[in-house]
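Mind the numbering: the sequence shown is residues 104 to 213 in the numbering used here, read in order.
Remarks on the structure that follows.
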Amino acid sequence: WMKDEMGEPECHPRRRTSALFQGAPASEGGAEGRRKYQCMVRNSIGETRIESTLVVTAPLQVTVLPQHQVLNTGEEATFTCNVTGYPVYTVAWTKDQRPVVASARAASVS
104 WMKDEMGEPE CHPRRRTSAL FQGAPASEGG AEGRRKYQCM VRNSIGETRI
154 ESTLVVTAPL QVTVLPQHQV LNTGEEATFT CNVTGYPVYT VAWTKDQRPV
204 VASARAASVS
């Protein structure tokens, strides 16, 4: 077995082999939570490989900082939305259950 085209395959003649891989969240080194694994088989006649993809998902967790702000008229407020987990499809801001539209008074920065 080879992970992400690296490593030495294990040879077990005349046996079916299996590999157990424990998934790590994307934040722990997964390229967007995906890893490619290859099973490579070789003998005196030749070699063949087959590839499989492991997709690791993790529950979404969201924090917004600060949770509360008090401002004077004309001052700017900044809220930061921190998201962990995989996959994340969309991050969107709403105010009073309506989408926040970019304008002179509101902007969203990724």
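Where is the CB? At the ideal position from N, CA and C, for every residue including glycine.
1) Which of helix, strand or coil does DSSP assign to Q164?
2) Just verifying my parser: in three-state terms, what is the DSSP assignment at T187?
3) State the Cα-Cα distance for the pair Y189 and T160, rounded to the nearest angstrom.
4) Looking only at its own chain, which residues have a Cβ that is under 8 Å from the Cβ of V191, when we skip the five neighbours before and after it?
5) Give the straight-line distance between the Cα atoms of G133 and G177, rounded to the nearest whole angstrom.
6) If you measure between the beta carbons of W78 and V203, is that distance less than 7 Å?
In short:
1) strand
2) strand
3) So the two alpha carbons sit approximately 5 Å from each other.
4) L163
5) Note that G133 scores 49 on pLDDT, short of 50, meaning its location in the model is unreliable and no value can be drawn from it.
6) What the structure shows of the chain is the stretch from 104 to 213, and residue 78 is not part of that stretch, so it cannot be assessed.
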